[in-house]
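The sequence shown begins at 4 in this note's numbering and counts up by one. To start, the structure itself, in structure tokens.
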Amino acid sequence: MDHQPAIWNQHAECLPREQLLKLQLQRLQHTLHSVATHVPCYQNKFKNCGFEPENLQTLEDLGKLPFTTKEDLRLNYPYGMFAVPMRDVVRIHSSSGTTGKPTVVGYTKEDIQTWTELVARFMTAAGVTNEDIVHIAFGYGLFTGAFGLHYGSEAIGASVIPMSGGNTDKQLMIMQDYRSSALVCTPSYGLTLADRMEKQGIDPRSLALRVGLFGAEPWSEQMRAEVEQRLDIIATDNYGLSEIMGPGVAGECLCRKGMHLAEDHFIAEIIDPDTGQVLPKGDVGELVLTSLTKQAFPMVRYRTRDITRIDYETCECGRTLARMEKTRGRSDDMLIIKGVNVFPTQIEEVLLQIEGTEPHYQLFIDRINNVDSLEIQIEVNEKIFFDEMKQQRTFVVEAEKKLASVLGVSAKVKLVEPSTIVRHEGKAVRVIDRRQQ
């Protein structure tokens, strides 16, 4: 690229890989000693596989250790995975788990400082500066997203509008009146804002928005293009999860060829989600993360269930940190339809390439006479919805043909009127699986 913004931490983000790997090993050894001393769950795991922290001599040895899973966190609810006494915990967050009790995570003062540093890194990489007014439309509360971006923005010196989620009309009024220049929200909510702007006749060019930092749900490149075109911004991706840190694990620079992993604070592995075997570099699989500097809530080989791949080549921006691709979905919300693995993001990629479709859809999965069926409800623009029946049918047949060629399984397409599908201010609800009901 002709222009790249400043690098927040030149030393850490451009560290030669040989030095980075040495740092990872040193920090990993420290983390393993900490959890072996202070966390009963890890004491039992290590005992069961005959592992002592002193046994770890290389980074490759990490692959010999057992995984940490959501089930481990559930069994140790709420504080059983903490590695420090509660008097050292200054912040408690929890995940927005959809089943069972949430995952409770703790932060020491140093953890909060690390979190702030890592978010400031990816926000700077995305072009945010101390001249920006950052509009945060993530919900504040136990969810980590809003606070992480809030801290990072303040560290950079930007002005922060802690808008929180909801009340789309007020969001737009604030953006107009306060001249917000950077938007933080989910990509699906970015499209909700675009829908409302169009209904109210607001020209995106009349706003001061220039960049969006989107996270908390998978989204496709087609959806990115839609967000950029309709909001007239540069849209960047970032990645995080409460169990590991919150936002700050990885984020895009303006090259937008993958999200730079904070490898000085986390080790990333890619495994086969079925066998658990570590895959060769460059392969697509499930992301497994080990924290290297977390004090209150360290994680060793945590199975994120997110599907991605990692590129270890140096980026043209100058950062030496590896880059992870956009997540392609999750291994645990991967849909198995007639024995075929299907990700909602695959469907989104196809739909947004079809002229006339809106970026709003839902998948309905049923089991009829012991056979799986997939129906995709797609919003289309008014011209197509009110078109002649014959032309509608041609549209549906073409969409079904394209989906079948990509997915390897047939799907029924149903066209619905614009604004039919319920809009969500947080993560979009894409899948309704009625097979177990």
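Glycine residues also receive a C-beta, built at the ideal position from the N, C-alpha and C atoms.
Beta-bridge pairing of residue 415 - partner residues as DSSP gives them: 378
- prompt: How should residue 261 be labelled, buried or exposed, when 16 other C-beta atoms within 10 angstroms of its C-beta is the threshold for buried?
  reply: buried
Status (buried if at least 16 other CB within 10 Å, exposed otherwise) for residue 88: exposed
query: Who are the near neighbours of residue 306 in its chain, counting only those whose CB is closer than 6 Å to its CB and skipping five residues on each side?
result: 70, 72 and 291
- prompt: Does the Cβ-Cβ distance between residue 213 and residue 184 come in under 7 Å?
  reply: yes
field: Cα-Cα separation, residue 426 to residue 197
entry: Using only the alpha carbons, I get a separation of about 12 Å.
Backbone CA spacing between residue 403 and residue 331 [nearest angstrom]: Taking the straight line from one Cα to the other gives about 21 Å.
Chain-order list of residues whose beta-carbon lies under 6 Å from that of residue 447 (same chain, five-residue window excluded): Absent from the model: residue 447. The displayed extent of the chain is 4 to 440, so no value can be given.
query: Run through DSSP, which three-state label would residue 424 get?
result: coil
query: Among residues of its own chain, excluding the 5 on either side of residue 142, which ones have a beta-carbon nearer than 7 Å to its beta-carbon?
result: 149, 167, 168 and 429
- prompt: Since residue 434 contacts residue 336 with CB under 8 Å, what's their CB separation in whole angstroms?
  reply: Between residue 434 and residue 336 the beta-carbon gap is near 7 Å, inside 8 Å, which marks them as a contact.
field: Three-state secondary structure (DSSP) of residue 147
entry: helix
- prompt: Are the CB atoms of residue 367 and residue 351 nearer to each other than 7 Å?
  reply: no
- prompt: Just the Cα atoms here: how many angstroms apart are residue 14 and residue 354?
  reply: 43 Å
task: Jot down the residue ranges of each uninterrupted beta strand (DSSP E) in the segment 142-212, minimum 3 residues, whole runs only, in chain order.
output: Taking 3 residues as the minimum length, the beta strand (DSSP E) runs contained wholly in the segment 142-212 are 162-164 and 185-188, in order along the chain.
query: Short check: CB of residue 300 to CB of residue 108, under 7 Å?
result: yes
field: Buried versus exposed call for residue 396 [16 or more other C-beta atoms within 10 Å across all chains shown]
entry: exposed
field: Simplified DSSP assignment, three categories, for residue 286
entry: coil
query: Considering only residues of the same chain and omitting the five flanking positions on each side of residue 362, which have a CB-CB separation below 7 Å?
result: 194, 226, 229 and 355
- prompt: For residue 245, which of 273, 294, 201 and 199 has the nearest alpha-carbon?
  reply: 294
- prompt: What is the rounded straight-line gap between the Cα of residue 358 and the Cα of residue 211?
  reply: 29 Å
- request: Taking all protein chains shown into account, decide if residue 347 is buried (16 or more other Cβ within 10 angstroms of its Cβ) or exposed.
  value: buried
Ranges of the beta strand (DSSP E) found wholly within the segment 80-142, counting only runs of at least 3: 94-97, 107-110 and 136-139
message: DSSP three-state label for residue 34, please.
response: helix
message: So the candidates are 12, 33, 78 and 231; which of them puts its Cα closest to the Cα of residue 57?
response: Of the candidates 12, 33, 78 and 231, the one whose C-alpha sits nearest the C-alpha of residue 57 is 33.
message: Buried or exposed for residue 176, going by 16 or more other Cβ atoms inside 10 Å?
response: exposed
query: When we look at the beta-carbon of residue 254 and count the other beta-carbons within 10 Å, is it buried (16 or more) or exposed?
result: buried
Bridge partners - residue 327, DSSP secondary structure assignment: 262 and 313
query: Can you list, in chain order, the residues of its chain whose CB lies under 8 Å from that of residue 264, leaving out five sequence neighbours each side?
result: 252, 253, 271, 313, 324, 325, 326 and 327
task: Rank 267, 341, 249 and 384 by C-alpha distance to the C-alpha of residue 97 and give the top, closest one.
output: 249
- request: Starting from residue 363, trace the beta strand (DSSP E) both ways and give me its first and last residue.
  value: 360-371
Cut-off 6 Å between Cβ atoms - residues of its own chain near residue 239, not counting five sequence neighbours on either side: 129, 216 and 255
query: Could you check where the beta strand (DSSP E) with residue 272 kicks off and where it finishes?
result: 269-274
query: Ends of the beta strand (DSSP E) at residue 217?
result: 214-217
- prompt: Considering only C-alpha positions, which residue in the set 35, 382 and 117 is nearest to residue 61?
  reply: Among 35, 382 and 117, the Cα nearest to that of residue 61 belongs to 35.
message: Using the three-state DSSP reduction, which class does residue 71 fall into: helix, strand or coil?
response: strand
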